[in-house]
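Each protein sequence line maps, in turn, to chains A and B. Letter by letter, the first sequence follows residues 179 to 397 in the working numbering. Letter by letter, the second sequence follows residues 1148 to 1307 in the working numbering. Glycine included, C-beta positions come from ideal geometry on N, C-alpha and C. First the structure, in the form of structure tokens, and then the observations on it.
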Amino acid sequence: MAIFSVYVVNKAGGLIYQLDSYAPRAEAEKTFSYPLDLLLKLHDERVLVAFGQRDGIRVGHAVLAINGVDVNGKYTADGKEVLEYLGNPANYPVSIRFGRPRLTSNEKLMLASMFHSLFAIGSQLSPEQGSSGIEMLETDTFKLHCFQTLTGIKFVVLADPRQAGIDSLLRKIYEIYSDFALKNPFYSLEMPIRCELFDQNLKLALEVAEKAGTFGPGS
Amino acid sequence: MTVHNLYLFDRNGVCLHYSEWHRKKQAGIPKEEEYKLMYGMLFSIRSFVSKMSPLDMKDGFLAFQTSRYKLHYYETPTGIKVVMNTDLGVGPIRDVLHHIYSAEEGRPAAGPRRCDNHPPRFCAPGLFKHTDYSSCGNLEGGAYADERRVWLGGGRFYAD
């Protein structure tokens, strides 16, 4: 049980705050000899597995590290190009860690504004009068909960499907936003939230909600 | 439990079937446009969800709900999409959507897998006439027992 991440989206669809609180590790590390029996491809500035799914390595997984050295995009931390490095027989045997590609901040911005429009379409396609936008979206790996305030700001929480008490958490985050972002004299409306107290209190609220959700049903 | 409407899309986004029962609000756009909007939304949700997911997914997107209705989604490996809008008090109905899909698939030459350029349009009576929905009632083992009447009355799955 866990809360994965929190997004705050302003009324124009811009992402003004994002926090990754817990990322489950689904990674696989394996040592390979030449030639590599996986097909790797460059996609969106990342090296992804295109073919040869096995041993926990799935199609779509990205190369996260080579011989323990982290990979950023298509380059390793020490500046070598991944595909070129893996194409050279002299570098083998090599140990590669694969996992789900992490979202870059650009992608998070894009996904936030995408959700903003999905929210609006969800209410337009409603078969009933007076429907709100998407409040809860279910998948088999996570549930997305969204709370829109009267002023149009959306608080979005991604959590484990079994996590309880998210509704009260969303109200709590709204309260924290009002207390520590809006009341901060240096914060300007609709702009990214960079307030230390907001950070601290949000993390605290997430911890409390995770515990409450584990031990009994929340409100 | 109320069923508002049902959409069936093929893998290219063509609406194969649409029917509605208790729809109180229309989208305010022509039906063809509405199908496109619905398919576009589902398409975006699918890509949104696959990017957002912290783990690898099996079934992917299942449902979403607003303050007034709940949209259930089921996709077959061949890309046929079954979408049903109901009220909020409905649990997971993947099996029911699968049932609707497989009932349609079983009809020779008219099944949604027919993939020429002009797939057949199903009208509501045609879709449901050949289908025995009697088993829908106990899919959730008793939980549906009471709702079954509404399925029959509201959704009119038996008689057409």
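Span of the alpha helix (DSSP H), counted from its first residue to its last, around residue i
i: A:K350; result: I344 to I354
i: A:S295; result: S283 to Q302
i: B:Y1182; result: K1178 to M1199
i: A:Y263; result: V260 to L264
Per-residue burial, residue i [other beta carbons within 10 Å of its own, 16 or more giving buried]
i: A:A255; result: exposed
i: A:Q307; result: exposed
i: A:V247; result: exposed
i: A:S309; result: buried
i: B:Y1248; result: buried
i: A:Q378; result: exposed
i: A:R275; result: buried
i: A:G300; result: buried
i: B:N1109; result: An answer regarding residue 1109 of chain B cannot be provided, because it is not within the stretch 1148 to 1307 covered by chain B.
i: A:E262; result: exposed
i: A:R278; result: buried
i: A:D222; result: exposed
i: A:S183; result: buried
i: B:G1302; result: Interpretation of B:G1302 is limited by its pLDDT of 40, a score under 50 that renders its predicted location unreliable; the figure taken from the coordinates is listed afterwards. So B:G1302 counts as buried.
i: A:H294; result: buried
i: B:P1201; result: buried
i: B:R1215; result: buried
i: A:S366; result: exposed
i: A:G391; result: buried
i: B:I1176; result: exposed
i: A:T209; result: exposed
i: A:L382; result: exposed
i: B:K1228; result: buried
i: A:T282; result: exposed
i: B:P1272; result: Per-residue confidence for B:P1272 stands at a pLDDT of 39, beneath the threshold of 50, marking its modelled position as unreliable; no derived number is given.
Start-to-end residues for the beta strand (DSSP E) that takes in residue i
i: A:K252; result: Counting along the chain, A:K252 falls outside any beta strand (DSSP E), and DSSP gives it neither H nor E.
i: B:L1163; result: C1162 to E1167
i: A:M314; result: M314 to T317
i: A:F325; result: K321 to Q326
i: B:H1151; result: V1150 to F1156
i: A:S273; result: V272 to G277
i: B:L1202; result: Careful: B:L1202 lies outside any beta strand (DSSP E) and carries neither H nor E.
i: A:F229; result: R224 to F229
i: A:V241; result: A240 to I244
i: A:V334; result: K332 to A337
i: A:K219; result: L217 to H221
Other residues of its chain near residue i: CB distance less than 6 Å, five sequence neighbours each side excluded
i: A:L216; result: V227 and G230
i: A:Y270; result: S211 and Y212
i: B:L1153; result: S1166 and M1231
i: B:R1158; result: G1226
i: B:R1241; result: Y1221
i: A:K361; result: none
i: A:S291; result: G191
Close beta carbons around residue i, own chain, < 8 Å, minus the five adjacent residues each side
i: A:S397; result: Residue confidence for A:S397 is low, a pLDDT of 39 falling below 50, so the modelled location carries little weight; the figure read from the coordinates is stated next. Counting only Cβ-Cβ distances below 8 Å, and skipping sequence neighbours, we find G343, D345 and S346.
i: A:R349; result: F325
i: A:M314; result: K321, L322, H323 and C324
i: A:K252; result: L220, E223, R224, V225, E259, V260 and L261
Same chain, Cβ closer than 7 Å to residue i, five either side skipped, listed in chain order
i: B:C1270; result: Reliability fails at B:C1270, whose pLDDT of 41 lies under 50, so the model's placement of it is uncertain and the value that follows must be treated cautiously. Hits under 7 Å: none found.
i: A:L287; result: L193
i: A:K219; result: L226 and A228
i: A:I181; result: S199, Y200, V335, A337, Q341, L384, A387 and E388
i: B:E1181; result: A1174
i: B:R1193; result: G1207 and F1208
i: A:T327; result: Y352
i: A:I354; result: F376, N379, L380 and A383
i: A:C373; result: F358, A359, N362 and Y365
Check whether residue i and residue j have beta carbons under 8 Å apart
i: B:K1318; j: B:L1235; result: Because chain B is modelled from 1148 through 1307, residue 1318 of chain B falls outside the range shown and cannot be assessed.
i: A:V260; j: A:V237; result: no
i: B:F1195; j: A:T317; result: no
i: B:F1211; j: B:Y1186; result: no
i: A:L289; j: B:K1198; result: yes
i: A:V186; j: A:F333; result: yes
i: A:L380; j: A:L264; result: no
i: A:Y195; j: A:I312; result: no
i: B:L1184; j: B:Y1221; result: no
i: A:N250; j: A:E368; result: no
i: A:A204; j: B:D1203; result: yes
i: A:F364; j: A:L375; result: no
i: A:I235; j: A:A268; result: no
i: B:R1170; j: A:P339; result: no
Proximity test, residue i beta-carbon vs the ligand ATP heavy atom, cut-off 7 Å
i: A:I274; result: Absence of the ligand ATP from the depicted structure is noted, as is the absence of any ligand whatsoever, leaving it without description.
Neighbour flag for residue i against chain D, beta carbons, 8 Å
i: A:F229; result: The question asks about chain D, but that chain is absent: this structure's protein chains are A and B.
Length-filtered (4 minimum) alpha helix (DSSP H) runs lying within the region 1207 to 1262 of chain B: 1241 to 1252
Whole beta strand (DSSP E) elements within the region 182 to 214 of chain A, 3-residue minimum: 193 to 198 and 205 to 210
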